[in-house]
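In what follows, a single structure is set out as structure tokens and then discussed.
There are 2 protein chains.
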Amino acid sequence: MTKPPTIRDVARLSGVSTATVSRYFSGKADAIAPRTIESVRQAAKSLGYTPSEIGRSLRLAQSRVVVMLVPDATNHFTADIAVSVESALKGIGLSMVLANTGENAAQQDRLLADAQGLRARAIVLQGAIDTPRLRELVAKQGNLIFANRRPAQGIVAPYVGIDNFQAGLAVGRYFIERGYENWVAIHGPRHYFGSTARLDGFVSGVGDASRVLQLESPYTMQAGYEHACRLLDLEPKKYSVFCANDMIAYGFYRAAMERNLRVPDDLVIFGFDDNRLNEWLAPWLTTVKVPALEFGPAIAKLIETPKPGFEDGRSIILPFELKVRQSA
Amino acid sequence: MTKPPTIRDVARLSGVSTATVSRYFSGKADAIAPRTIESVRQAAKSLGYTPSEIGRSLRLAQSRVVVMLVPDATNHFTADIAVSVESALKGIGLSMVLANTGENAAQQDRLLADAQGLRARAIVLQGAIDTPRLRELVAKQGNLIFANRRPAQGIVAPYVGIDNFQAGLAVGRYFIERGYENWVAIHGPRHYFGSTARLDGFVSGVGDASRVLQLESPYTMQAGYEHACRLLDLEPKKYSVFCANDMIAYGFYRAAMERNLRVPDDLVIFGFDDNRLNEWLAPWLTTVKVPALEFGPAIAKLIETPKPGFEDGRSIILPFELKVRQSA
DNA sequence: CTGAAAGCGCTTACAG
DNA sequence: CTGAAAGCGCTTACAG
Chain X
1 MTKPPTIRDV ARLSGVSTAT VSRYFSGKAD AIAPRTIESV RQAAKSLGYT PSEIGRSLRL
61 AQSRVVVMLV PDATNHFTAD IAVSVESALK GIGLSMVLAN TGENAAQQDR LLADAQGLRA
121 RAIVLQGAID TPRLRELVAK QGNLIFANRR PAQGIVAPYV GIDNFQAGLA VGRYFIERGY
181 ENWVAIHGPR HYFGSTARLD GFVSGVGDAS RVLQLESPYT MQAGYEHACR LLDLEPKKYS
241 VFCANDMIAY GFYRAAMERN LRVPDDLVIF GFDDNRLNEW LAPWLTTVKV PALEFGPAIA
301 KLIETPKPGF EDGRSIILPF ELKVRQSA
Chain Y
1 MTKPPTIRDV ARLSGVSTAT VSRYFSGKAD AIAPRTIESV RQAAKSLGYT PSEIGRSLRL
61 AQSRVVVMLV PDATNHFTAD IAVSVESALK GIGLSMVLAN TGENAAQQDR LLADAQGLRA
121 RAIVLQGAID TPRLRELVAK QGNLIFANRR PAQGIVAPYV GIDNFQAGLA VGRYFIERGY
181 ENWVAIHGPR HYFGSTARLD GFVSGVGDAS RVLQLESPYT MQAGYEHACR LLDLEPKKYS
241 VFCANDMIAY GFYRAAMERN LRVPDDLVIF GFDDNRLNEW LAPWLTTVKV PALEFGPAIA
301 KLIETPKPGF EDGRSIILPF ELKVRQSA
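The listed protein sequences derive, respectively, from chains X and Y.
The opening position of the first sequence corresponds to residue 1 in full-length UniProt numbering, with each subsequent residue numbered one higher.
The opening position of the second sequence corresponds to residue 1 in full-length UniProt numbering, with each subsequent residue numbered one higher.
Structure follows, in structure tokens:
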């Protein structure tokens, strides 16, 4: 509750100017006499001084905060990426503020304004909704980074993630190769560009859009379960289901188990993400592996590297991989 | 990339002083003439002005950032609490910075210093390691809040969470009531005060410490699995296992399944937390329900309410509940 | 190697 | 209802 000591307190106690104290704390100690260093160190220590990031940020017109906006922080894969990013940012001296948009455009825009208020060094969006405010910010600030889902057409900003279209395509082709029938694509919300890219890729892969049953769905087990119940009860068939993420796949599987269906004999299920839970909870799930742990380093690199020119298309495309296990 | 407009730019464009613009943005608009308000609003809008939190924080000697330190952000229950807290803080105009201590004392202390540097409004610790720096901060800043695990003896700071000792006690008594034998307590790391409180409670509940096999363990499925394998292979028995959290219980269960053991006939498993995954992944797990969603509001309330006196024991004890399902 | 001074973007007590 | 001015905690170009 006591007011924290300032640079002036340290200067006073060690008998030097604030300039010298500042140099000590901003890594310019090699231009200070050893004896001076020592007295500053001591004074700072005895006062328990930690430089104020606020003063520093104001002076440098730049903060060390990066804001990450996610549609749903309770989604495991989203959280995995967030953890990876937080850790990589810490490595370069930055803090991460995490905020939930709840898949809500107005909420996203509000948080975008907050991030602007914090003068965030960068804003990382995992699944952005295309709004005028978003576009304005991209154009004016140029410090937005899109992660995992590519931004909508016409937004020029760096993207870190896999090529969702290619991944969908690969799954579609795999379906053809294996001779699967009764295609179902449970795809993510249409307002995310990345969701539709996966879907479009898949449809291209199987080659016949009219034969793909497309179901839009939130990225949750609950939703996967409900879609499955409806489908399996209304018109039971040997479906081949491409799920927009692993959680949907878990839900679908649950419904299948309840109906005593065997996978992959009675039903084919393909997931997406290969989240950390699979190893323990769904080692049977065939899925697309997205390298969650590579997001952090890639994003950190993007933030550290200054923008080259006006056009900012410095995307980092991470590799994906089809993890073929039992379910497909 | 353009430098963001400042309060001065808005003042200039609308022909008023910065004081007036400031009043407009800090909710003192009722003391401004309607016409003035309108011109400020317009000017701000046309410039795309968002007040700088940095300038504001410096002036007010108070930031709107709350730092949350967690031992392991990939732990689901930890993440659930973090989500709840983030959402409640947003409701009162605060941002949350999340950081991982990785169960490492030095890392925790470093992050504590960072939080101090950010002049965090509050620091929330989910599982703190008892270090001199932590104690110093509690004494000097008085803005630390302990969540889910009570601070070590002698640290006077608010705590939000269940009474871990009582919860452990209730489980121990339940074991006695049901006549369970071969007690095993797989407890969390000893450097967390909350872990030992649960264990101590359990031991009190069964009433005979010498008959409890105590195994220290990280809070992971992997660790639960490994403990189980060792135990079940070395000396197979009908164990009654109290797991420090649900993840450990999942791991234990997995090992049991691999050995064709039936729960609860061949093995009794009791979890802790009742995390969000149980509903889908382990609806059979008997566990202690900790109300994750109540942490956010409780912590927000604590932050909003000014400290009463010198002694700060304003803890909020949340209710827990034994969720008896099949496994015990 | 060191210091005096200006200024980053705000808010608010004071005066009118 | 409004403005001039001081000051929050820093950093750095400049001068010595």
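All C-beta atoms, glycine included, are put in the ideal place defined by N, C-alpha and C.
Remember, it's a predicted structure, so these values are computed and weren't measured experimentally.
Taken in chain order, the whole beta strand (DSSP E) runs of length 3 or more contained in the region 270 to 302 of chain Y are 287 to 289.
Shown here, H191(X) sits in coil according to DSSP, grouped into three states, outside any helix or strand. Separation of A105(X) and S52(Y) (C-alpha to C-alpha, rounded to the nearest whole angstrom) is 23 Å. Around L137(Y), the same chain offers L112, Q116, I123, L144 as residues with beta carbons nearer than 8 Å, after the five sequence neighbours per side are excluded.
With respect to chain Y, the C-beta atom of E235(X) has no partner C-beta closer than 7 Å. For I248(X), the uninterrupted alpha helix (DSSP H) segment begins and ends at 246 to 258. Around A113(X), the beta-carbon contacts reaching into chain Y at under 9 Å are T50. If you check the CB distance, V83(Y) and A73(X) come in under 7 Å. Taking 9 Å as the cut-off between beta carbons, the residues of the region 262 to 285 of chain X near chain Y are R276, L277, E279, W280, L281, in sequence order. With respect to chain Y, the C-beta atom of A44(X) has no partner C-beta closer than 7 Å. Per DSSP, the continuous alpha helix (DSSP H) segment holding I37(X) begins and ends at 34 to 47. Scanning chain Y for C-beta atoms nearer than 7 Å to the C-beta of K140(X) yields T2, G48, reported in chain order. Proximity of L302(Y) to chain X, defined by a Cβ-Cβ separation below 7 Å, is not satisfied. For the set Y49(Y), L322(Y), A197(Y), D109(Y), the Cα lying nearest the Cα of P5(Y) is the one of Y49(Y). By the Cβ rule, the region 169 to 181 of chain X counts as touching the region 200 to 217 of chain X, because three or more pairs are nearer than 8 Å. A Cβ-Cβ contact shorter than 7 Å links I162(X) with L318(X). Near chain X, meaning a CB-to-CB distance below 8 Å, the residues of the region 83 to 114 of chain Y are V83, E86, S87, K90, S95, M96, V97, L98, A99, N100, A113, D114. Under the three-pair Cβ rule at 8 Å, the region 221 to 232 of chain X counts as touching the region 241 to 258 of chain X. Within chain X, the residues whose beta carbon sits less than 8 Å from that of R119(Y) are P4, S52, E53, I54, listed in sequence order. Per DSSP, the continuous alpha helix (DSSP H) segment holding E53(Y) begins and ends at 53 to 60. Here V203(Y) carries a helix assignment [DSSP, helix/strand/coil]. Contacts with chain X (Cβ-Cβ distance below 7 Å) from the region 209 to 228 of chain Y involve M221, listed in chain order. N164(X) is the residue among K140(X), L281(X), N164(X) whose C-alpha sits nearest the C-alpha of R150(X). Ranked by how close their Cα comes to the Cα of K90(X), the residues G102(Y), I92(Y), I81(Y) have G102(Y) in first place.
In this structure N100(Y) is in contact with S87(X), their Cβ atoms being roughly 7 Å apart against a cut-off of 8 Å. Ranking A228(X), G188(X), P283(X), W183(X) by CA distance to the CA of S210(X) puts W183(X) first. Contact annotation, G168(Y) with L125(Y): C-beta distance approximately 21 Å; criterion of less than 8 Å not satisfied. Comparing alpha carbon positions, the residue from K237(X), I186(X), I54(X), I32(X) closest to E216(X) is I186(X).
In the three-state scheme derived from DSSP, where H, G and I count as helix and E and B as strand, L98(Y) is classed as strand.
The Cβ atoms of S315(X) and P158(X) sit closer than 7 Å to each other. Residues of chain Y whose Cβ lies closer than 7 Å to the Cβ of L58(X) are, in chain order, I54, G55, L58. Put simply, the backbone Cα of R110(X) is about 11 Å away from that of L69(X). If the five residues before and after L47(X) are omitted, its C-beta is found closer than 7 Å to the C-beta atoms of P5, D9, V10, L13, all from its own chain and listed in chain order.
CA-CA distance, P291(X) to S240(X), rounds to 25 Å. The C-alpha of P34(Y) lies about 17 Å from the C-alpha of T18(Y).
CA-to-CA, the gap between D233(Y) and D266(Y) works out to about 14 Å.
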